[in-house]
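**Student:** Before anything else, here's the structure in question.
In our numbering, the protein residues as written are 5 to 466.
Structure, rendered in structure tokens:
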């Protein structure tokens, strides 16, 4: 390749700590390419350059860029011809047309073809830098909005606040290991806050300003999981109507969280292992080998060691995931946190729902302390939200909590068989699924994530 290709992914990854974003400069004039490259590189951007449409397409197919500065005229090729191909190959990439011909027609044509802005040359270094900063910021805002839309309401840092010595020690350890790039395995029952801790670890790390991406492993199987993880090329399978970058490329420079990693299909575990070892992968339907700098945090409530012994999980993959292990305690093992957590949730729900409630009665506090909390913090949060909605007085009473200890006498005959907790749960899940439009909506109604609902449906044969 004759072009001066300065590849962003010559990733001296340690130096990328202050990287503003990844930029592709496409121009057939070598002096202008180099000027753009030096100017942007000095401002902290990782920059690759291409002189022709073919070189630009090769770079976009093998690397991930946030923004592309595309010259309107590339020799005999027009940017208007190249732009649609770039948008197909990388629909997430923001393209800024660079032109020496300032006209409304040029701008309108570029926008219609998929550009987000245009820059008139010659431009000052500050104009170039501002344009790059703006587009990278917009790209990261898009990623942030996507993640917020996918994030469940359990992502509340109040769940990590603790007066428990065991939990405080775990959080201190998590802060310490967050500074490294080691893979982390989070263990704990459903509802203990593994997803919240994963996000906190990302925020405490040097990667905090880069993307955080999540994959709920149980909700995906086979080809769908591989596509969600590594991406796919348009036409690779039925329904693949456009190129997809995959979560790995979206998390490049940041953190990838695999929720319930024990449910990763066995056939795909070698590909995940290869990525963890070499940081290399291929998208479905695309032979191009790509690299990504991603820190992995995985979580599960299953015993991966026993699964490995049964041949249900690769032992070598477990070794790669289990570099740092953090065990989140169940809520019943940190009872000193129950009332403080309740008060934090209460403050938020009083505002959200306009509740009359202003606090908890002594009986309600006792009920909360004594409940076994099989659903952990998620169950506590749901109970407090329910109580806020139902409360018709200044104080929340046991009857508002719906925990089964409200002191109401039973009118049923002692000879009538009382259904088990599992039977009640199965019936409740079945009813909610029947009355909602999707499993995602059912999971939100039940106050659990989709991966937990998937397991419960499998367990109950629904």
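Beta carbons are placed, not taken as given, at the ideal position from N, Cα and C, and that holds for glycine. Note that the structure is a prediction, hence the values are computed from the model and not measured.
So, with DSSP's three-state summary, where would you put residue 363?
**Tutor:** Three-state result, residue 363: strand.
**Student:** Excluding five sequence neighbours on each side, which residues of the same chain lie with their C-beta closer than 8 Å to the C-beta of residue 82?
**Tutor:** Hits under 8 Å: 76.
**Student:** Taking 7 Å as the limit between beta carbons, can you name the residues of its chain near residue 214, skipping five residues before and five after?
**Tutor:** The residues are 257 and 258.
**Student:** Return the CA-CA distance between residue 175 and residue 164, expressed in angstroms with no decimal places.
**Tutor:** Whole-angstrom Cα-Cα distance: 8 Å.
**Student:** Over the uninterrupted beta strand (DSSP E) stretch that includes residue 166, give me the two end residues.
**Tutor:** Taken as a continuous stretch (DSSP letters only), residue 166 belongs to no beta strand (DSSP E), as it is neither H nor E.
**Student:** Can you tell which of 57, 295 and 322 has the C-alpha that lies nearest to the C-alpha of residue 306?
**Tutor:** Minimum Cα distance to residue 306 is reached at 322.
**Student:** Taking residue 425 as the reference, give the member of 453, 260 and 376 with the closest Cα.
**Tutor:** Minimum Cα distance to residue 425 is reached at 376.
**Student:** By a C-beta neighbour count over all protein chains shown, 10 Å radius and 16 as the cutoff for buried, is residue 25 buried or exposed?
**Tutor:** The residue in question, residue 25, is buried, as its Cβ has 16 or more Cβ neighbours within 10 Å.
**Student:** Taking 8 Å as the CB-CB limit, is residue 302 close to chain B?
**Tutor:** Checking the listed chains, one finds no chain B in this structure; it contains a single protein chain.
**Student:** Identify, in the order they occur along the chain, each residue of the same chain with its Cβ nearer than 8 Å to the Cβ of residue 123, setting aside the five sequence neighbours on each side.
**Tutor:** Only 73, 100, 101, 102, 103, 131, 132 and 135 meet the Cβ criterion.
**Student:** Might you give, ordered along the chain, the residues of its own chain that have their beta carbon closer than 8 Å to the beta carbon of residue 88, omitting 5 neighbours on each side?
**Tutor:** Here the set comprises 117 and 118.
**Student:** Name the DSSP bridge partner or partners of residue 211?
**Tutor:** Answer by DSSP bridge pairing: none, since residue 211 is not bridged.
**Student:** Nearest by alpha-carbon distance to residue 139: which of 126, 405, 120 and 125 is it?
**Tutor:** When only C-alpha atoms are compared, the closest one is 120.
**Student:** State yes or no: is the C-beta of residue 64 within less than 8 Å of the C-beta of residue 94?
**Tutor:** Yes, Cβ-Cβ distance for residue 64 and residue 94 is below 8 Å.
**Student:** Pick helix, strand or coil for residue 453, following the three-state DSSP scheme.
**Tutor:** Coil.
**Student:** In three-state DSSP terms, what is residue 317?
**Tutor:** Coil at residue 317, not helix or strand.
**Student:** Which residues in the same chain have their Cβ closer than 8 Å to the Cβ of residue 43, if we skip the five residues on either side of it in sequence?
**Tutor:** Here the set comprises 129, 132 and 133.
**Student:** Beta-carbon separation of residue 84 and residue 90 under 8 Å?
**Tutor:** The answer is no: Cβ separation not under 8 Å.
**Student:** What is the rounded straight-line gap between the Cα of residue 196 and the Cα of residue 208?
**Tutor:** Those two C-alpha atoms are separated by around 20 Å.
**Student:** Let me check one thing: in DSSP terms, what residues is residue 284 bridge-paired to?
**Tutor:** Bridge partners of residue 284: 295.
**Student:** Take the Cβ of residue 270 as the centre, count every other Cβ of all protein chains shown within 10 Å, and call the residue buried at 16 or more, exposed below.
**Tutor:** Residue 270 should be labelled exposed.
**Student:** Quick one: complete beta strand (DSSP E) runs, 3+ long, within the region 317-344?
**Tutor:** Listed in chain order, they are 328-331.
**Student:** May I ask you to list the residues that DSSP assigns as paired with residue 261?
**Tutor:** Answer is 218 and 301.
**Student:** Nearest-angstrom Cα distance between residue 38 and residue 292?
**Tutor:** If you take the alpha carbons of residue 38 and residue 292, they lie about 27 Å apart.
**Student:** Rounded to whole angstroms, what is the Cα-Cα separation between residue 18 and residue 211?
**Tutor:** Confidence in residue 18 is poor, its pLDDT being 35 and thus under 50, which makes the residue's placement too unreliable to answer from.
**Student:** Within 10 angstroms of its Cβ, does residue 220 collect 16 or more other Cβ (buried), or is it exposed?
**Tutor:** Classification of residue 220: buried, given that the 10 Å Cβ count is 16 or more.
**Student:** Where residue 357 and residue 432 are concerned, what is the direct C-alpha to C-alpha distance, given to the nearest angstrom?
**Tutor:** Roughly 24 Å separates the two Cα atoms.
**Student:** Can you round the beta-carbon distance between residue 361 and residue 398 to whole angstroms, since I take them to be within the 8 Å contact cut?
**Tutor:** So it is a contact: roughly 7 Å between Cβ atoms.
**Student:** Helix, strand or coil, according to DSSP, for residue 355 in the structure here?
**Tutor:** Helix, per DSSP.
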